[in-house]
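Worksheet: the structure to be examined is printed underneath.
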Amino acid sequence: MLKLPIYLDNNATTPMDPRVFEAMTPYFLEDFGNAASRNHPFGWKAEEAVDYAREQVAKLIGADPKEIIFTSGATEADNLGIKGVFEMYAQKGNHIITATTEHKAVLDTCKHIEKLGGEVTYLQVKPDGMIDLAALEAAIKPTTILISLMWANNEIGTVLPMKEISAIAKKHGVLLFTDATQVVGKIPVNVNADGIDLMAFSAHKMYGPKGVGALYVRRKNPRVKVTAQIDGGGHERGMRSGTLNVPGIVGFGKACEIAMQDMAEDTARISIMRDKLETELMKLEEAYINGSTSSRLPHVTNISFKHVEGEGLLMGFNKNIALSSGSACTSASLEPSYVLKALGLGDDLAHSSLRFGLGRFTTDEQIDYTIKAISDTVIRLREMSPLWEMYKEGIDLNSIEWAAH
Amino acid sequence: MAYSDKLIDHYQNPKNVGTLNKAEKNVGTGLVGAPECGDVMRLQIQVDDATGVITDAKFKTFGCGSAIASSSLATEWLKGKSIDEAITVDNMDFVEELNLPPVKIHCSVLAEDAIKAAINDYRAKNGMELFKFEESVVH
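The listed protein sequences correspond, in order, to chains X and U.
Under the working numbering, read the first sequence as residues 1 to 405, first letter to last.
Under the working numbering, read the second sequence as residues 1001 to 1139, first letter to last.
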């Protein structure tokens, strides 16, 4: 049976898996101890739970449990990874390479580093959202200490070739940090095979709880160190102080265990639904997929429906379907998505985009409903779009001198 | 953000969507906004030359729900009004009627601009002096 409302905004957050919730519950009530309490059973129990979760998390990414630093989420892990390397390796250099399509947690951290006297290169991306690897290598200088590139983009789902990027980083003795928030738990990740030095990820994007994430920090070949950004009791081997969020960490561990077990099956099922959704919506005239379709997360698609505005489109069905738009008509700036603009999309197409993020709990019925609801709304709004009328009359919209508003 | 029932109704059941023949002398067309800003409004009025009363109004809008609702409301308000009455419609009238949130004030400004642009287009076509309007404050 069709269950409404439909949640297709899984890149923003995922619903928690009931199995995760179940694993967490004891740690709110009877097993409430502080994992740093060494002298009584409450502390021991909490520490044991954290240790077990750390193993579950490490296993999913092919790491050693000692390489996992628990944080409050991916944003904090991004901050710790980038600022921590910048401080720790100050004697080696001050140059960081990143890209214009990164998440704000990385971009704003890099801006902060520029204020501290660091130098940051923001690579442009290709029209499909991929990085030009030659340009990446050319940007490396003797002072470069870190390459920070997201594994998969949160808006368009484009997956970067981490192994190849890692090879370039290694060749020049530069550390590689990746924001893998959209990737871990969705597609296979192995920090050793993929050559990652530091990696940020989060529980709530993989059916775990909000408020918990991790930074992976390589301990061997090379041994990587970060300067703590939160000082205090010396938790997490001194790299991140603060009482551990035991229930959150337990949930994170369980989410990783489930991801490992269900990933292949989930991916197979979800990608079929994603492909159907995309194929059906692309039957509409003047619809465009944003970003690479050959190197992309299996559950994501981002489509622009030309001559209708994204937010206006959402209003047609947002009581029943939860989606995101690259249009930002709600913000004072009226600036559409900087990620889509970085692909070279005109503002009109960027304003016309919808981001679909399917998930573990998406059903076929929901996809069928979504296809119909969106198709109907696009057609209805085009009927009342002056741009659509002009397009149909063969008028070149670029030839019109638009009144600046 | 919760929108008012009136706004949602105008969005779901917009009034007077369509196109008037812009070549007609008694039709005034206002095209305001820009695709890169995420909203374009085209408002058209048909004026009775003898009485100066707006007999018909149509719109087409590319934009968010608030922009669509504002243009739909504008056409409703314009029909039956004289040109002199029509020029007094203010953007705050839309804000109040549709209960637009602060981030959507620009939609009301656009609707006001569209009305003025349509009136002046009509006046220009008919050899009348153009109304001088103050620059809109909100952009």
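We put the CB at the ideal spot given by N, CA and C, even for glycine.
- In the three-state scheme derived from DSSP, where H, G and I count as helix and E and B as strand, K1058/U is classed as strand.
- Ranked by how close their Cα comes to the Cα of D78/X, the residues A90/X, K66/X, T98/X have T98/X in first place.
- Taking a C-beta distance under 7 Å as the contact criterion, K254/X and A23/X qualify as a contact pair.
- DSSP places H103/X outside both helix and strand once states are collapsed to three, so it counts as coil.
- Residue L1110/U holds the alpha-carbon nearest to the alpha-carbon of A1034/U among I1045/U, L1110/U, G1065/U.
- In summary, E114/X is exposed, with fewer than 16 beta-carbon neighbours lying within 10 Å of its beta-carbon over all protein chains present.
- Under the Cβ criterion (8 Å, minimum of three pairs), the segment 1022-1039 of chain U counts as touching the segment 392-403 of chain X.
- Residue pairing from DSSP leaves V1103/U without any beta-bridge partner.
- Rounded to the nearest angstrom, the Cβ distance from L123/X to A139/X is 6 Å, consistent with a contact under 8 Å.
- Of the residues assessed, A1117/U falls on the buried side of the cut-off, its CB having 16 or more other CB atoms within 10 angstroms.
- Put simply, the CB of K1058/U is far from chain X, with every gap to its CB atoms at 7 Å or more.
- Annotation: N302/X is outside any alpha helix (DSSP H); the continuous beta strand (DSSP E) that includes it extends over 300-305.
- DSSP places T267/X within a helical segment (H, G or I) once states are collapsed to three.
- For R296/X, DSSP records a beta bridge to T158/X.
- Annotated as distal: H172/X and K141/X, with beta-carbon spacing of 7 Å or more.
- Closer than 7 Å to the CB of W402/X there is at least one CB belonging to chain U.
- When only Cα atoms are considered, V1032/U and T1019/U end up about 15 Å apart.
- Against chain U, the beta carbon of V308/X has neighbours under 8 Å at F1062, listed in chain order.
- The beta carbons of P386/X and R1042/U sit closer together than 7 Å.
- The Cβ atoms of D1121/U and T1061/U do not sit closer than 7 Å to each other.
- Taking the beta carbon of M384/X as reference, the chain U residues within 8 Å of it are P1014, V1017, F1059, K1060, T1061, I1068, listed in sequence order.
- Taking all protein chains shown into account, D347/X has 16 or more neighbouring C-beta atoms within 10 Å of its C-beta and is therefore buried.
- In this structure, I1083/U is the residue among H1106/U, I1083/U, M1092/U, E1024/U with its C-alpha nearest to the C-alpha of E1129/U.
- Of the other Cβ atoms in all chains shown, 16 or more fall within 10 Å of the Cβ of I61/X; this residue is therefore buried.
- Counted as a single uninterrupted DSSP element, the beta strand (DSSP E) harbouring I68/X occupies residues 68-71.
- The CB of G1065/U comes closer than 8 Å to the CB of E311, G312, M315 in chain X, given here in chain order.
- A1034/U belongs to the set of residues whose beta carbon lies under 7 Å from a beta carbon in chain X.
- Among the CB atoms of chain U, one or more fall inside 7 Å of the CB of S327/X.
- Setting aside the 5 residues that flank it on each side, K45/X is surrounded in the same chain by D31, G33, each with a C-beta closer than 6 Å to its C-beta; the list follows chain order.
- For E48/X, the enclosing alpha helix (DSSP H) starts and ends at 41-61.
- Shown here, L1007/U sits in a helix according to DSSP, grouped into three states.
- Less than 7 Å separates the beta-carbon of F86/X from that of G118/X.
- In this structure, the beta-carbon distance from I68/X to V57/X falls below 7 Å.
- Under the Cβ criterion of 7 Å, L387/X is counted among the residues facing chain U.
- Taking 8 Å as the upper bound for CB-CB distance, G1065/U and L1007/U are in contact here, some 7 Å apart.
- Here D1005/U has no same chain residue with a Cβ atom under 7 Å from its own Cβ, once five neighbours each way along the sequence are excluded.
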